[in-house]
Amino acid sequence: MSTQTTPDRADLRAWLPAFLTLALIWGTSFLFIKVGVRELPPLWLTFGRVAAGALTLLAVLAVSRERLPRDPRLWGHLVVVAAVGVVVPFTLFGYGEERVSSVLAGIWNAATPLVALPLAVVAFRTERMTTRRAAGLAVGFAGVLVVLGVWRDLGGAQLTGQLMCFGAAMCYAVAIPYQKRFVAGRRESGAAIVTAQLLVATAQLAIAAPLVAGAPPNPAGLSAPVVVSVLLLGALGTGVAFLLNFRVIRVAGASTSSSVTYLMPIVATVVGVTVLGEALVWNQPVGVVVVLLGVAVSQGLLTRRAAVPVSAATTPAAAPQPAAR
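With the numbering used here, letter number 281 in the sequence shown gets 285, and the count goes up by one each step, no holes.
Structure representation (structure tokens):
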């Protein structure tokens, strides 16, 4: 893994196609989750997509003749990353989308940076709290309340589903600083680390899914849309997307890569409304705009200084990821 620095303002042609493709893949993942949970228990849906993603990246490693990591300490950290950054949030989004629209799930994913920042400051001490960041958190929290619609009579499955999706975003918020502290700077390639992460997650799900969700459903009894959704979630949303993210980080920098968070809710909303015919309540898009404004303030994007070198020594497993994916 290279330790060279990469300017945020690289040639657009070198990273913009991968960036836009990444936003499209991760933004449409919420649609595929919604289709998948129609016939699959969320845990088995997660198992299918993670296993498909692991197989996809194993094929990539075979073609590129790369090896999986060998350091036991790294594998130990990946056990935590796989559980908190893959297994639990993927499953929570599945359970959440049994109760809420894919549009809402995509919106809640945008709240990840708001939760990640205080955890990075307090628990992992990889960031420092400033007045600007505190103001951004306050604005973002107001946006969360708008998305929830706190002035309404909250309760029932709708509230439970929203809290599950927010819980998934909180899992990503824990995984991001953990990865930054314990996985970033490794010599192994991004593809090797992410493949190992998905293999560990597959093993965890192979144990958890039968215990919690019972025997796996018969694949022959699944409809074609569900099978295609699982395969696309795995091969694209959990496999290829990580490689695209790594390319954007290497070419354009980590801050540019993390800004895909701003496009994902837009893609999820457009796809959910046009393809699934989901309803959109006014407070949802207004709330996500406020949330993203809070993220922009906390990250200093509204007063961005001149481009400075950004370390590209971060892999997709160690960099901020809007994950849901």
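Just so you know, even glycine gets a beta-carbon here, dropped at the ideal spot from N, CA and C.
So, are the CB atoms of residue i and residue j less than 8 angstroms apart?
{"i": "Val39", "j": "Val230", "result": "yes"}
{"i": "Cys169", "j": "Gly100", "result": "yes"}
{"i": "Gln208", "j": "Val85", "result": "no"}
{"i": "Phe97", "j": "Ile37", "result": "yes"}
{"i": "Val301", "j": "Val143", "result": "yes"}
{"i": "Ser33", "j": "Gly218", "result": "no"}
{"i": "Ala210", "j": "Leu47", "result": "no"}
{"i": "Met268", "j": "Trp30", "result": "yes"}
{"i": "Ala124", "j": "Glu131", "result": "yes"}
{"i": "Leu247", "j": "Val64", "result": "yes"}
{"i": "Pro93", "j": "Ala172", "result": "yes"}
{"i": "Arg136", "j": "Gly304", "result": "yes"}
{"i": "Val275", "j": "Val151", "result": "no"}
{"i": "Ala18", "j": "Val264", "result": "no"}
{"i": "Glu43", "j": "Leu226", "result": "yes"}
Have a look at residue i and residue j and give me their C-alpha separation to the nearest angstrom.
{"i": "Leu297", "j": "Phe128", "result": "25 angstroms"}
{"i": "Leu141", "j": "Ala228", "result": "43 angstroms"}
{"i": "Ala224", "j": "Ala58", "result": "22 angstroms"}
{"i": "Val244", "j": "Ile111", "result": "23 angstroms"}
{"i": "Leu28", "j": "Lys184", "result": "25 angstroms"}
{"i": "Pro320", "j": "Glu282", "result": "Summary for Pro320: the model assigns pLDDT 38, below 50, so the residue's position carries little reliability; its value from the coordinates is reported in the next sentence. When rounded, the distance between both Cα atoms is 32 angstroms."}
{"i": "Trp155", "j": "Val148", "result": "12 angstroms"}
{"i": "Asp15", "j": "His81", "result": "35 angstroms"}
{"i": "Leu35", "j": "Leu280", "result": "8 angstroms"}
{"i": "Val104", "j": "Ala161", "result": "8 angstroms"}
{"i": "Val54", "j": "Leu237", "result": "8 angstroms"}
{"i": "Val126", "j": "Asn113", "result": "22 angstroms"}
{"i": "Leu284", "j": "Ala146", "result": "19 angstroms"}
{"i": "Ala109", "j": "Leu121", "result": "21 angstroms"}
{"i": "Thr50", "j": "Leu167", "result": "19 angstroms"}
{"i": "Thr134", "j": "Ile270", "result": "29 angstroms"}
{"i": "Ser68", "j": "Pro221", "result": "35 angstroms"}
{"i": "Ala316", "j": "Ala66", "result": "For Ala316, the predicted model reports a pLDDT of 38, less than 50, meaning its position is unreliable; a value from the coordinates is still stated below. Answer to the nearest angstrom: the Cα atoms are 24 angstroms apart."}
{"i": "Leu215", "j": "Leu163", "result": "26 angstroms"}
Return the residue from the list the options that minimises the CA-CA distance to residue i.
{"i": "Thr95", "options": "Ala114, Phe145, Gly165", "result": "Gly165"}
{"i": "Tyr266", "options": "Thr116, Leu121, Ala138", "result": "Thr116"}
{"i": "Leu118", "options": "Val178, Leu26, Ala109", "result": "Val178"}
{"i": "Ser106", "options": "Arg136, Val125, Val41, Phe51", "result": "Val41"}
{"i": "Gly52", "options": "Leu203, Val252, Pro122", "result": "Leu203"}
{"i": "Ala56", "options": "Pro220, Leu163, Ile270, Ser233", "result": "Ser233"}
Using 8 angstroms for Cβ pairs, my map puts residue i next to residue j. What's the rounded Cβ distance?
{"i": "Val90", "j": "Ala239", "result": "The Cβ separation is near 15 angstroms, so there is no contact."}
{"i": "Asn287", "j": "Gly153", "result": "5 angstroms"}
{"i": "Val88", "j": "Tyr182", "result": "7 angstroms"}
{"i": "Leu61", "j": "Val252", "result": "Rounded, the Cβ-Cβ distance is 17 angstroms, inconsistent with contact."}
{"i": "Thr273", "j": "Pro289", "result": "7 angstroms"}
**Study point:** Given 8 angstroms, three or more beta-carbon pairs between the segment 183-198 and the segment 66-76
**Key:** yes
Practice item. Check whether the segment 183-191 touches the segment 19-28, taking contact to mean three or more Cβ pairs, one atom from each stretch, closer than 8 angstroms. Key: no
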